[in-house]
Every structure is written in structure tokens, then in C-alpha cells.
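Take a look at the structure set out below.
2 protein chains.
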Amino acid sequence: MSGRTVTIAEVARHAGVAVSTVSYVLSGKRTISADTRRRVLDSINALGYHPHAGARALASKRANVIALVLPLRAGMHVPVLMRFASAVVTAARGYDHDVLLLTADEGTDGIRRVAASALVDAFVLMDVELDDRRVPLLRDLAEPSVLIGFPASPAGLTCVDLDFAAAGERCVAHLAERGHTQIALLGAPAVVYERGTGFARRTREGFLAALTVHHVTGVALPCEETFDEVYETVRTLLTDRPGLSGLVVHNEAAVGHVLSALRQLGKRVPHDVAVVAICPDDVAERASPPLTSVLIPAEEVGREAVRLVMDKLAGKPAPQATLLPPHLALRAST
Amino acid sequence: MSGRTVTIAEVARHAGVAVSTVSYVLSGKRTISADTRRRVLDSINALGYHPHAGARALASKRANVIALVLPLRAGMHVPVLMRFASAVVTAARGYDHDVLLLTADEGTDGIRRVAASALVDAFVLMDVELDDRRVPLLRDLAEPSVLIGFPASPAGLTCVDLDFAAAGERCVAHLAERGHTQIALLGAPAVVYERGTGFARRTREGFLAALTVHHVTGVALPCEETFDEVYETVRTLLTDRPGLSGLVVHNEAAVGHVLSALRQLGKRVPHDVAVVAICPDDVAERASPPLTSVLIPAEEVGREAVRLVMDKLAGKPAPQATLLPPHLALRAST
DNA sequence: AGGGGGTGTCGAAGCGCTTCGATGACCGGC
DNA sequence: GCCGGTCATCGAAGCGCTTCGACACCCCCT
């Protein structure tokens, strides 16, 4: 265990073949007789051989590593990030790749650095802003990349995300079906809209566009994340619009506060006010009552991003936009 | 930009020196005249040279990459994880290292694999359990490692963590100072204690041990994470112990529910019940009222873990245990 | 004038792997 | 029985870097 590192030459000697033969057994790039392959694989197991990643990268010009660039900026919802990251790592392992973690605060330099030093073969970036400084760089980098989220001009890029516009629309449709005619969207904090974060805006647009289609009236408001502010927003909303009976909440951190506020204002869910959330499943399930929700399919998005980046590495063309359809999970709140 | 990769040989030619001279300029392992150094650095900038990571790893037997092994198991403290991860990446960059992300579900195999393939030089593991299967492996791996959290037998390892026992003690002391004589600890879900997760138990032990020291009575209860269960726990607690006026909450996901429950039971914070939380700062600040809390110093722990692992890589001895002292932040809830 | 000890630089030998061209061995067809 | 064609394997040339020993050169001491 943990003795000095075993090299391909030792495997070759042990199996009585040439070094190149071992290499071809491993890569499958040339035909090898069943008998030789067997012997080589046995030797590999017997010696506990693992190819040296650096040597392999040097000779093959492939590091078998992809970079995952995380935002790590306040305001982005953290548990979701974690699930993305986890999904990306798991998916990458399925393609025999590892994941190098970069934080966005190294900015374009970090990306340039790891690309130039051949540390990674490709990039997956999360939480791209509408006007992101890294986008031009990615566009003319030799290494392929996939973005989770959409910048303002996605031409020449590959982007994946939940279809937030459809999610907003889906929530409206659901409330309309249930007979609600006055509804509201409580979204991200104002600062998030100002920053131009795509998903917040797109949900709002989907929500607003759906109102006329489904013949309901409604407003979209930003929503801060402290209880007092949420309470005030909800109270004002209910006072100003006595007929309001449906709420869409697209703010994970505020979901709990919204429910507390309603409880405190004497409104029963779903009897007086129906609530549908756009948030991860566990948050919706843990709420009381459990919330009907459009889940953010973190695992699915991560997996899809890796699939796309691997396609690009293999030289296959990749679509510019991949929007994953929303799924509405019915629970007790509507 | 993004043209073919520049090699050290091109830099050497451009600067009119030998390849080895460029290498020594970069590593500083031999003295180079100020004049030559200047010319070489100029050439490096002019050509935009970045050393090839694989080649460097192959020749120097150092990948300049450390592995970060994240739990990514449901039920864990997710936002804190993210901050750890971020801190580890940032700290590692300060030592000119990058971070490879591994998930715990690859288990010992993943660790063995990246170690044997020389992809990484060292390991930082998070959320180690009391009886962790990876501990024996780490113990006789040639690559150094640092654990965040403590296993049952940390002999021969290097561990860092917040001093949770002291944190529990600190909360009791604070409530005692404020004149409370009957208090309770609401901790992690029961399953976390059963799994033997160290930090949950250590907090409880610190809490219980401090009770007699500070002449207060108290109980420690596990605490689930749905609103209804939290509500029920809090209600029962207040009914059974009418004199109870102080609460310590060591469960990030339940903090919001506890406050909602108190509000609903007509208890004012801090007037009727004082609450102190052990949780990340942002959670405590966002609560309403903002909570007096012992923060979980994710950044500090991450930074310390990297410092220790770098020391070990440099051959310096590292202490077996590093416990970071808790800091209590006073806010409106006590 | 000659020797000794620093400095600063160079050349070459690997590090462990992939890949390309070459080489045998073996087959069937005439 | 010889030829062309597969099939399986080998040997050697790199990939881009670090590191070690060698070697000028200069300066100071005798």
C-alpha cells in the first residue's frame, strides 16, 4: 500500500509485453488479442497500477480534468450551488474526468491560467451574469465551455438552464387552473434584478407574459430576505389587493418568512392564499404546509452541462441553448 | 490570444538563455543575475507563457494541486460547506495550488485513485465521521492530509475544527450571565447523533458540562427540520418547563422554524425567551430578530486547513489537533 | 603570477506516458 | 509455394519541464 508509484514499464515487464502494448490495452486505440489483454489487465491489478496523470496529460494533450467555476458571491442560493457541483463531479467521473474547482473571484485570469497551463480541457461555469466579463474570453478560448445560465448574448456559446420563463408561466397556469384571478410574484431581492441576473428576470417575464394568456391579474415584486421586510411586503400586498389569493415565491431564502407572515396575518394556506414556490425540493418539502413547487433541477442541469461539454470535447456540435422544462410538484399549499 | 501553447524553450530562445535558466528564474532554486532574470521575465510576459502543468508535475513530482473531499450527503450543513470550499480554494491559490473536487461517494477508491495517479499532492477532507472508513487509508498514505472535523481516533492525523464543546459552553455562559436559569439546547436531527457526527455530540457535551459550572438547569434535545416538528418540540418544551427562558439552537435549517414557532406561541424574543444560535453569520443576521450567535468560522477553518496541509507538504510537523476558539456575536435575540 | 572559491549559466538526462511507423506471423488465393 | 493483406506487437521518438553536474568567469588572497 502506498509504496512508490508503479509505472507502465513495470506493468509491461510483469506482463512480458512492450510498454506500448499496455498503453493500447488501456486506451483501446489498437486491437490487442484477448490473451494479451488478459495478461496485461492481470498485471495491472496485481501491481495496483494507476497511470500518472501528468505524464498522460503531457503525452496525450488531454488532462482529463474539467474546470468548474463557481460564483461564491452572496445572494446566489448556496445549497443549489452545492447540488450542481455535486452533480457535475459525479457526471464528470462517469466520463473518466475529474473536476478542478475555481472560484469566480479569480475572474478571467484564473480561466486563462488553467487553460494555458493545460490543467483542464474544458470549462463549466455557473451563475453567469447577463453581461459577464468572462464571456468574450470563453468565446475565443480553444478549450470548450458550457455555461449554466444565460448571458445577454449567448452567440457562439453553449448554455444550459432551467427554463425559468416557462417556470413562471407554469406557476401562473397552475394558479389560474385552481381558479385564482389575482396573484403576485415575490421574486429575488431588488439588487439581484439590478445586477441583471438572468434567471430572476426570466421568471418575471414568464410570469408577466402568462398573466394575459390565463386571464388573471397580477404583479411582480422584488422581495428582500429578512422576516420584517417580507412581512411588510406581504402585508402591503394583501391590503392593497383584497382579492389576491395566489402567491408565487421565487426566493428560496424568503419562502419560510412568507409562510410565517401569512400565518401571522391570519391567512391560512392554501384556504385563504395559495402559495407555489420555485425552489429546491427539500425546501418545499420542509415548509409547513409543504409547498407546491417548481423544483430547480440541479442534478439534471449539472449532468446536462457535463454531457454537453464532453460532446464538445469529442468534437460533436452542441446546441447553443438547452432549456430544461420545469416540473411542477403538487403539494399541500395550493 | 489562445494561440498554440508557448513552451519554455520558446521563452528561452526569445530571451537568449538556456531552458534551465528560465526554469531557475521561475523556481528561484538557483541564483540568477538581476539582468538575466529581467530579460527572462520580460520574455515570459511578451509571449504569455504559462508552464504546462502536466510536464511540471511529471518532472518535479509535484502537481501543485490539492484534493478537497466534500461530503455532499443529504442533511449536512450545506451552506457552510460552500463557504469552506470557497475558503479552501482561495487559500490554496495563495500557495500557488489549485483544488480538485472529490465527492465522498467515491469513497476510499477516489482518494486512492487521485493519489496514485499523482493528480494531487495532498488532501483536505470535510465532515469526517467519528468512525470513518477513509481514516485508516489516510493514515498510511504517502500524501499528507488534513481533516476538518474529528474522527474517534485522530492519532497520526491532523484535524482542524471549531471548538464545538467550547461553543456549547460559551452559549450556556452567555445565557447564565443574562440571568437565565433554565435553558435548553435544540440540536441536530436525531439521526445525526446516531451517525456519530462529532460536532453535534461535542456541542451537546460542552453544553451539558457547562450547566453545573454555571449553576443553571437545562436539557439537550435533538431537533428535526420541518416546521411542524420544530413547533411541536418547542411547544412541548415550554409547556413542560414553565421556567425555561433561554434556548440554544445548533441547527441551521431549524433556526427559522424555531423563531416562527416562538412567534406563533406568543413568545417574544428576547423578552420571553432568549435565543442564541450556533450557525453561520448570514443566517443569524437574516433572522428576525437577528440572533446572538456563535458563528461557524468557515473561512478561518478552511484557511487553517490549507495552511496545515501546506506545512506538511513542506515537511514541517503539524499538530494533531487544532481547535479554533468560538466567537460570540451579540445581536438582538438575547 | 597562480590558486581557490564563489557566481551565474549551460547542456543533457530523465520523469511516465502516447503514438507512429515498422516488423513478424499467419492466412487464403492463385 | 509465393504474394498480398490482416492482425498483433514492438521500439523509439517525442511531449515540456526540472535538476544535476560541469564549466566559465571574476575576484581576492598569497
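One line per chain: the protein sequences are S and U, in this order. The first sequence: position 70 = 307 (the numbering used here), numbered continuously. The second sequence: position 100 = 337 (the numbering used here), numbered continuously. Note that CB positions come from ideal geometry on N, CA and C, so glycine has one too.
In this structure, DSSP gives Q419/S an extended state, which the three-state scheme calls strand. Beta-bridge annotation (DSSP): G455/U is paired with I420/U. Taking CB atoms only, V326/S has a neighbour in chain U less than 7 Å away. Per DSSP, the continuous alpha helix (DSSP H) segment holding S297/S begins and ends at A290 to S297.
In the same chain as A421/U, and ignoring 5 residues on each side of it, the C-beta atoms closer than 8 Å to its own belong to G455, V456, A457, L458, L474, R478, L481, G483, L484 and V485, in chain order. V256/S and T268/U have their alpha carbons spaced roughly 39 Å apart. Cα atoms of Y430/U and A569/S: separation of roughly 31 Å, rounded to the nearest angstrom.
In this structure, V336/S sits near I303/S, with a CB-CB distance shorter than 7 Å. Taking the beta carbon of S525/U as reference, the chain S residues within 7 Å of it are T463, F464 and D465, listed in sequence order. Secondary structure note for V512/U: its beta strand (DSSP E) is the uninterrupted segment A511 to I515.
In the structure shown, V506/S adopts coil according to DSSP, grouped into three states. Interface residue (Cβ-Cβ distance to chain U less than 7 Å): V409/S is not classified as such. Ranked by Cα distance from T434/U, the options L496/U, T463/U, M363/U and V383/U are led by M363/U.
In this structure, V492/S places its C-beta atom within 7 Å of the C-beta atom of V520/S. Rounded to the nearest whole angstrom, the C-alpha separation of E247/U and A551/S is 30 Å.
Around the beta carbon of V428/S, a 10 Å sphere encloses fewer than 16 other beta carbons of the protein chains shown; the residue is thus reported as exposed. Restricted to the segment 257 to 282 of chain S, not a single alpha helix (DSSP H) segment is unbroken, complete and at least 4 residues in length.
Our two residues, S530/S and L305/S, have alpha carbons roughly 28 Å apart in a direct line. In this structure, the beta-carbon distance from V325/S to G539/S falls below 7 Å.
Beta-bridge partners of A558/U (DSSP): C396/U.
Contact between L399/S and P563/S is confirmed by a C-beta separation of about 6 Å, below the 8 Å threshold.
A straight-line Cα-Cα distance of about 6 Å links F436/S and F401/S. For T340/U, no alpha helix (DSSP H) encloses it; the enclosing beta strand (DSSP E) starts and ends at D335 to T340.
In the three-state DSSP reduction, V486/U falls in the strand class (E or B). Taking all protein chains in view, the Cβ of D368/U is surrounded by fewer than 16 other Cβ atoms within 10 Å, so the residue is classified as exposed.
Look at the beta carbons and you see the segment 411 to 420 of chain S not touching the segment 380 to 397 of chain S: under three pairs across the two are nearer than 8 Å. V361/S carries a strand assignment under DSSP once its states are collapsed to helix, strand and coil. When CB distances to chain U are screened at a threshold of 8 Å, the residues of the segment 328 to 342 of chain S falling below it are R330, D335, V336, L337, L338, L339, T340 and D342, in chain order. Following the DSSP letters along the chain, one finds V531/U inside the beta strand (DSSP E) bounded by residues T529 to V531. The beta carbon of A329/S sits closer than 7 Å to the beta carbons of I303, D335, V336 and V543 from its chain, once the five residues preceding and following it are set aside; these are given in chain order. Take T395/S, set aside five residues on each side of it, and the residues of its chain with a beta-carbon closer than 6 Å to its own are V383, L545 and A555, in chain order.
Below 8 Å, too few C-beta pairs join the segment 336 to 354 of chain U and the segment 280 to 293 of chain U to call them touching: fewer than three. Residue contact check for G552/S against chain U: no CB pair falls below 7 Å. When C-alpha distances from F387/U are compared across A425/U, V409/U, V495/U and V361/U, the shortest belongs to V361/U. Counting other Cβ atoms within 10 Å of its Cβ, T470/S reaches 16 or more and is therefore classed as buried. Among the residues of chain S, those whose CB is under 8 Å from the CB of P288/U are S354, following chain order.
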